[in-house]
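In our numbering, the protein residues as written are 10 to 442.
Idealized CB from N, CA, C, for every residue including glycine.
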Amino acid sequence: MKFDLILENGNVIDDNGEIYKNKSIYIKEGKIIKIEKYSKDDEFEAEKIIDCTNKFISPGLVNLHVHSAMNIFKGIAEDVDEDTWFNEEIWPYESNMTPDDVYVGALASIHEMINNGVTAFADHYMEGEKIAKAIIETGIKGDVALTIFGMLDNFEEELNKVGNIIRDRKNENPRLKLRFGPHAPYTCPGDTLKMIIDRAKELDTGVHIHLSETERQVLKSIENSKKTPFEVMNDAGGFEVPCIVAHGLWMKKEDEKFLNQNTFIAACPKTYMKLSSGYGTLWDDFQNKPLAVGTDGAASSNTLDPIEQLRLYALIGKIQKNDAEDFKLKDMWKMLMRGHYALDFNSGKIEKGYSADLLVWNLNKINTLPLYNPLASIIYSSNSSNITYNIVNGKILKDNGKVDFPDIDIKEKLVKTSEDILKRSKGKTKLIY
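Quick look at the structure:
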């Protein structure tokens with residue numbers, strides 16, 4: 010058999026953080042065909058063979074919560090409190106966005122994510138079809154939640170529009186998934202949240218929603234309905250479908266009973282630090298929560314790097330709990346890998362039959378040497394320069410340290426879009442955070 014790609018003689022890090030030395034991975038038609046112990050006498054044909062001697066091969070990274078289009082707002086609202094960030098800066102600027110702005114922001118974010126080792130991401134934003142276009146064009150995998158606000162006058166029209174898009178494009182591309190994106194319980198009041206979830210059930214898809222993002226949101230929800238945001242979501246049937254919870258930073262202990270095998274929580278600690286959202290409860294009993302890693306949008310976290318977010322999560326946990334022995338490396342690695350199960354792209358494991366969504370790491374650099382503990386080198390010391398190859402469905406998206414999108418001048422588009430944003434200035438928004 011002639012293979013499409015062979016990763017030869019690398020050290021494999023599996024989804025549990027276990028390391029297997031001197032393995033070769035054989036890939037054809039986007040799938041892992043076999044993994045074998047390397048022998049210098051092996052003779053296999055392939056379109057391309059990558060020598061991974063003294064390098065490490067791992068599953069790719071998943072960014073389980075991002076607003077990719079918001080790359081165009083990176084740095085536009087700094088050193089302001091949470092209310093100001095939303096109500097006086099981001100939402101007014103967003104109200105004047107165009108579909109092309111979304112597309113450019115998505116392209117820039119995807120480029121950055123590929124460079125940082127992301128092979129799949131879960132997005133939540135308006136004009137989701139523009140994000141889907143960027144996904145299809147660039148080779149990455151993406152799960153796009155098309156955002157809906159229940160408190161807008163044209164809610165039912167928007168619900169029907171989103172439902173039709175999901176129905177018509179559901180099986181369009183194996184690298185693209187679509188789901189409903191109710192923004193949050195406080196922006197989907199009354200029956201609107203249930204209406205969205207009922208439509209998700211009809212179309213056999215999931216939801217992606219912001220829950221308990223701030224302490225004030227939780228207190229306000231209890232004041233208004235005597236229920237936490239998680240309880241509101243549960244009453245609407247939200248945990249009966251595949252569900253990505255963005256943040257859950259201030260979830261209550263009693264909310265944990267709603268967590269099931271279809272629900273995953275995307276932790277984005279850099280945003281919580283940047284906007285001073287507080288420690289919250291995400292670090293409490295973390296091993297029994299379905300936590301994965303997100304970056305949130307670049308407007309609040311400035312970078313789209315899951316390793317950086319994981320590093321911050323671990324360090325916050327250690328100091329918050331005053332326990333240097335907690336938040337161990339293998340537990341953190343499993344949290345990093347958990348996003349694969351949330352998106353269900355048949356990835357995340359280096360086993361026969363799984364999608365070849367893989368990274369090749371060069372840890373033989375000053376910033377990651379000496380290699381006493383490869384997991385520590387990746388989680389606490391690495392950066393994007395240590396990722397030599399990013400492979401999705403057996404296709405190389407980052408090749409020998411370089412990400413290249415043919416015929417797309419992202420930097421030029423990004424600069425022009427940012428100039429246009431400032432020219433248009435802020436618009437009016439009905440949203441109040």
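Could you please give me the residues that DSSP links to residue i through a beta bridge?
i: I405; result: I400
i: V113; result: Per DSSP, none; premise fails for V113.
i: N72; result: F130
i: E446; result: The requested residue 446 does not occur in the structure, where the chain is confined to residues 10 to 442.
i: C22; result: Sequence check: residue 22 is Ile here, not Cys. Looking at the DSSP assignment, I22 forms a beta bridge with I28.
i: V369; result: I66, Y398
i: H256; result: L220
What is the DSSP secondary structure of residue i, reduced to helix, strand or coil?
i: R184; result: coil
i: S455; result: Outside the displayed range of the chain (10 to 442) lies residue 455, so it cannot be described from this structure.
i: V250; result: coil
i: V153; result: strand
i: F95; result: helix
i: K40; result: strand
i: D177; result: helix
i: T223; result: coil
i: P191; result: strand
i: I15; result: strand
i: A78; result: helix
i: V412; result: strand
i: I59; result: strand
i: F239; result: helix
i: S390; result: helix
i: F273; result: strand
i: V216; result: strand
i: S364; result: strand
i: A245; result: coil
i: A86; result: coil
i: L161; result: coil
i: D418; result: coil
i: N382; result: coil
i: D50; result: coil
i: W202; result: Before going on, a small fix: residue 202 reads as Leu here, not Trp. The answer is helix: DSSP assigns L202 an H, G or I state.
i: L423; result: helix
i: N105; result: coil
i: E136; result: coil
i: G281; result: Contrary to the premise, residue 281 reads as Tyr rather than Gly in this sequence. Correct three-state label for Y281: helix.
i: L228; result: helix
Got a sec? Which residues, its chain only, sit under 7 angstroms from residue i by beta carbon, not counting five neighbours each side?
i: E17; result: S33, Y47, I58, I59, D60, C61
i: K43; result: Y35, K361
i: K327; result: A333, D335, F336
i: G306; result: V75, H76, M79
i: A55; result: K11, F12, D13, L14, I15
What residues in its chain sit with their C-beta under 8 angstroms from that of residue i, if we drop five residues either side in the sequence?
i: S285; result: D90, E91
i: G287; result: T223, E224, L258, W259, Y281
i: D110; result: A78, I81, T426, D429, I430
i: R176; result: L212
i: I66; result: L16, G19, N20, V21, I22, K32, I34, I359, L367, L368, V369, W370
i: V241; result: P194, L202, S230, S234
i: K83; result: A307, A308, N311
i: L319; result: V302, M341, M344, L345, I388
Going along the chain, which residues of its own chain have a beta-carbon closer than 6 angstroms to the beta-carbon of residue i, five neighbours each way excluded?
i: G393; result: The amino acid at residue 393 is misidentified as Gly; the sequence shows Ser. For S393, where only same-chain residues beyond five positions count, the Cβ hits under 6 angstroms are N124, N125.
i: G357; result: D24, P68, M346, H349
i: K283; result: S309
i: A129; result: V71, K150, L352, F354
i: G148; result: V401, K404, L406
How should residue i be labelled, buried or exposed, when 16 other C-beta atoms within 10 angstroms of its C-beta is the threshold for buried?
i: K420; result: exposed
i: P315; result: buried
i: E222; result: buried
i: M106; result: buried
i: Y102; result: buried
i: K266; result: exposed
i: S434; result: exposed
i: P278; result: buried
i: M260; result: buried
i: P383; result: buried
i: E317; result: buried
i: Y381; result: exposed
i: P194; result: buried
i: K30; result: exposed
i: K64; result: buried
What are the start and end residues of each continuous beta strand (DSSP E) run of 3 or more residues lying completely inside the stretch 293-359, in chain order?
300-302
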